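Before any comments, here is the structure.
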Amino acid sequence: PFEPDLFAQGFINNILNPKGTLFYLGFFTMVITPETSLGATLLLVAITISISASFWLGFVYTLDFHAVRKVLERGQRTVARIFGGLLIFLGIRVAIMER
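Take any residue in the sequence shown, note its place counting from 1, add 5, and you have its number in our numbering.
Okay, structure coming up:
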């Protein structure tokens, strides 16, 4: 189901997050030179965006698949406990090291 609030939240998050823009700028500056024609540049941009969008769409559909979602939800509590314990351990270690 389409949830407009979630879509708006994700859209704003992606617009305000510069990592994607910096990735594309860094990638294209390595591949595209000033001598590259406009047609080749546009083709490269279109191919890159198509591959990226296809990858993320496949990733989202995979995570939305019922069997995969069940496995991820089952292990969620265990992962939360492991990382919670790790953070507590690191907090205690930092407190001890500062003394």
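Built from N, CA and C at the ideal position, the CB exists for glycine as well. The model shown is predicted, which means the values in this text are computed figures rather than measured ones.
- Say whether the segment 48–68 touches the segment 24–37, bearing in mind that this needs 3 or more beta-carbon pairs closer than 8 Å, one atom from each stretch. yes
- Message: If you follow the alpha helix (DSSP H) that I154 is in, where does it begin and where does it stop?
- Response: Given that the chain is displayed from residue 6 to residue 104, the structure contains no residue 154 and the question cannot be resolved.
- Query: DSSP three-state call for E40: helix, strand or coil?
  - Reply: Stepping through the sequence shown from its first residue, residue 40 is reached at position 35. E40 falls in the coil class under three-state DSSP.
- C-beta contact flag for L68 and L62 at 9 Å: Translated into the one-based positions of the sequence shown, residue 68 becomes position 63. Translated into the one-based positions of the sequence shown, residue 62 becomes position 57. The answer is no: Cβ separation not under 9 Å.
- Query: Could you check where the alpha helix (DSSP H) with F94 kicks off and where it finishes?
  - Reply: On the sequence shown, residue 94 is found 89 positions in, with the first residue counted as 1. Where F94 is concerned, the enclosing alpha helix (DSSP H) stretches over 71–102.
- Message: Whole angstroms are fine: how far does the CA of I87 sit from the CA of R73?
- Response: Looking up residue 73 in the sequence shown gives position 68. Looking up residue 87 in the sequence shown gives position 82. Note on residue identity: the sequence assigns Val, not Arg, to residue 73. Using only the alpha carbons, I get a separation of about 21 Å.
- V65 to M102, Cα distance in whole Å? Stepping through the sequence shown from its first residue, residue 65 is reached at position 60. Stepping through the sequence shown from its first residue, residue 102 is reached at position 97. The straight-line gap from Cα to Cα measures roughly 42 Å.
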